[in-house]
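Right, one structure below, let's go through it.
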Amino acid sequence: MSISQFLILVINSGSSSLKFTLLPANGDRPLFSGIAERLGTDGTASLTLKRGASTFIEPLAEGTHAQALQMILMHLRRNGWLAHVAVVGHRVVHGGERFATSVRITPEVIRDIEAVSALAPLHNSSNLLGIRCCMEDLPSIPQVAVFDTAFHQTLPRGAYTYSIPQRFYREHGIRRYGFHGTSIRYVSAKAVELLGLDPDDHGLVIAHLGNGASASSVQDGKCVDTSMGMTPLEGLVMGTRSGDLDVGAAAQIGRIAGLDLAGVEMLLNRESGLLGVSELSSDCRALETAAEAGHPGATLALEVFVHRLARYVGALATSLRRLDAVVFTGGIGENSARVRAMTLRHLGIFNLVLDESANQYAVRGMSGRIDQGYGTQAWVIPTDEEAVIARDAAWLAGLGESQSRIE
67 MSISQFLILV INSGSSSLKF TLLPANGDRP LFSGIAERLG TDGTASLTLK
117 RGASTFIEPL AEGTHAQALQ MILMHLRRNG WLAHVAVVGH RVVHGGERFA
167 TSVRITPEVI RDIEAVSALA PLHNSSNLLG IRCCMEDLPS IPQVAVFDTA
217 FHQTLPRGAY TYSIPQRFYR EHGIRRYGFH GTSIRYVSAK AVELLGLDPD
267 DHGLVIAHLG NGASASSVQD GKCVDTSMGM TPLEGLVMGT RSGDLDVGAA
317 AQIGRIAGLD LAGVEMLLNR ESGLLGVSEL SSDCRALETA AEAGHPGATL
367 ALEVFVHRLA RYVGALATSL RRLDAVVFTG GIGENSARVR AMTLRHLGIF
417 NLVLDESANQ YAVRGMSGRI DQGYGTQAWV IPTDEEAVIA RDAAWLAGLG
467 ESQSRIE
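Going by my numbering, 405 is the number at position 339 of the sequence shown; the sequence numbering is gapless.
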């Protein structure tokens, strides 16, 4: 069988969802994709499947990850694709310091993922659930783990070290790790291509903005600083996460609300961010509509979101020899012309002047430069994490080029 006939299955298993994409090994567009939602909840779980322009939904009576995967495999088998799947690539959120690259999954790798799961218990346990389901149902097919934290393992120690007693780092791994690394890796390589930059001499600040949001500085293709920390809670304002917060304020919130540490952590992860400030919604689209109608909470939430983002862009730029471009990606970064315009108005110190028409054009999957060309560039570049996972999986299965090459 030729490489062009091999298929790669990409799995992203979350706590209550399981996303999948089926891609050809030759890099063509996905053949099939979908998402199982509300898994393990109230009996309303369903699987949404997309093939070309067609979308259809199937109920999942059991509502388990195993049932969702079995349903996906049934559709792959029915369409004659399953026999051509050569490797399965899995997104794993936290690899700690043990994983600086993607790896082929073995029992030892699973033990190592389990060993760092205390750093992201909700995420890693869900990722492992997807891995185990696939290994049980597809025992003869190689499985590959691609880590969100891996791209950030090039951070210098001055950037990843917290100013706490160092026994907590030595004995428990408490440090900055960063997330969205798969997305940042793809976008940084794409930016070098689109901007015509020297792969060995460039500086970028990349803002991955979505319900989860982070920003990273990339020097010569390597991450040198990032906004998220040991967990995805630190850094930018997010949909329901607070981002940076004075620990003293968190302690005071606990005292006022009668919450223990777990309760405070839950509040900062689930009830804060855009939702907490706006008292309306965690969805940026809903907030933009409400702000247009004069909703004060929505207006404030967007102002806080943009202020924190611009502040981080400026801070992250100090880790670079020079700043060639600020790049927006992720659901909000790729589609919210308003957020991008507001952010660039804060970044005049970098001679960034918005091109209004270009900014309005760069939505719904369109790449483009959105500044007027007076200094540092501003770009919108859609991310493609599934492509990175697929390429790493193909390489580790002996089907493709080195995982360092992202086109």
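Idealized CB from N, CA, C, for every residue including glycine.
Please read all numbers here as calculations on a predicted model, not as lab measurements.
Helix, strand or coil for residue i per DSSP?
i    : result
I77  : strand
E337 : coil
P125 : strand
S82  : coil
R157 : strand
V212 : strand
R236 : helix
I472 : Because I472 sits at a pLDDT of 42, beneath the cut-off of 50, its placement in the model cannot be relied upon, and the following sentence gives the value as read from the coordinates. Coil at I472, not helix or strand.
L353 : helix
I69  : Confidence in I69 is poor, its pLDDT being 47 and thus under 50, which makes the residue's placement too unreliable to answer from.
R144 : helix
S344 : helix
G363 : helix
V370 : helix
A152 : strand
V169 : strand
V330 : helix
T87  : strand
T220 : helix
L465 : coil
Roughly how far, in whole angstroms, is the beta-carbon of residue i from the beta-carbon of residue j, given that I think they are within contact range, below 8 Å?
i    : j    : result
G129 : G106 : 6 Å
H141 : G196 : The Cβ separation is near 17 Å, so there is no contact.
N417 : G396 : Not really, about 25 Å apart at Cβ, beyond 8 Å.
A257 : I447 : 6 Å
F240 : A211 : According to the sequence displayed, residue 240 carries Ile and not Phe. Going by Cβ atoms, the distance from I240 to A211 rounds to 23 Å, so no, they are not a contact pair.
M294 : F245 : 5 Å
E422 : S249 : With 8 Å as the limit, E422 and S249 do not qualify as a contact, their Cβ atoms being about 27 Å apart.
F86  : I138 : 6 Å
S200 : I77  : What sits at residue 200 in the sequence shown is Cys, not Ser. Correct: roughly 6 Å between the Cβ atoms.
V290 : I272 : Rounded, the Cβ-Cβ distance is 12 Å, inconsistent with contact.
L204 : I176 : Between I176 and L204 the Cβ distance is about 15 Å, and since that is not below 8 Å, they are no contact.
A216 : F165 : 6 Å
V153 : I74  : 6 Å
Can you tell me where the alpha helix (DSSP H) holding residue i begins and where it ends?
i    : result
I101 : Here I101 belongs to no alpha helix (DSSP H); instead the beta strand (DSSP E) covers F98 to E103.
A316 : V313 to A323
R457 : E451 to L462
P173 : P173 to A181
Y226 : R223 to Y226
Grab the span of the beta strand (DSSP E) containing residue i for me, first residue to last.
i    : result
S192 : No beta strand (DSSP E) contains S192, which is instead part of the alpha helix (DSSP H) from P187 to D203.
A444 : Q443 to V446
R117 : S112 to R117
In chain order, which alpha helix (DSSP H) runs of at least 4 residues are fully inside the region 375–430? If we require 4 residues or more, the alpha helix (DSSP H) runs fully inside the region 375–430 come out as 396–401, 403–412 and 422–427.
Every unbroken alpha helix (DSSP H) inside the region 240–287 [4 residues or more]: Fully contained in the region 240–287 are the following alpha helix (DSSP H) runs of length 4 or more, in chain order: 247–261.
Do the region 302–311 and the region 338–346 meet, that is, are 3 or more Cβ pairs less than 8 Å apart? Cβ pair count under 8 Å is three or more, so yes.
Assess contact between the region 390–404 and the region 426–438, defined as three or more Cβ pairs (one per stretch) separated by less than 8 Å. Is contact present? These segments touch.
Does the region 341–353 come close enough to the region 384–393 that 3 or more CB-CB pairs lie under 8 Å? They do not touch, by the three-pair rule.
The region 81–89 / the region 182–201 touching (three or more Cβ pairs under 8 Å): These segments touch.
Any contact between the region 372–384 and the region 409–423? By contact I mean 3 or more CB pairs, one from each, below 8 Å. Under the three-pair Cβ rule at 8 Å, the region 372–384 counts as touching the region 409–423.
I want to know whether the region 89–107 touches the region 139–153 - three or more CB-CB distances under 8 Å. Taking one beta carbon from each stretch, the region 89–107 and the region 139–153 have 3 or more pairs nearer than 8 Å; the two touch.
Any 3 or more C-beta pairs closer than 8 Å across the region 292–302 and the region 316–329: Using a Cβ-Cβ distance cut-off of 8 Å, the region 292–302 and the region 316–329 are not in contact, since fewer than three pairs of beta carbons, one from each stretch, lie closer than that value.
Pair every Cβ in the region 203–221 with every Cβ in the region 152–169, then say whether three or more of these pairs are closer than 8 Å. For the pair of segments examined, the region 203–221 was found to touch the region 152–169: the number of CB pairs separated by less than 8 Å reaches three.
I'd like to know if the region 220–237 and the region 112–122 are in contact, where contact means that at least 3 CB-CB pairs between them fall below 8 Å. Too few Cβ pairs lie closer than 8 Å, so no.
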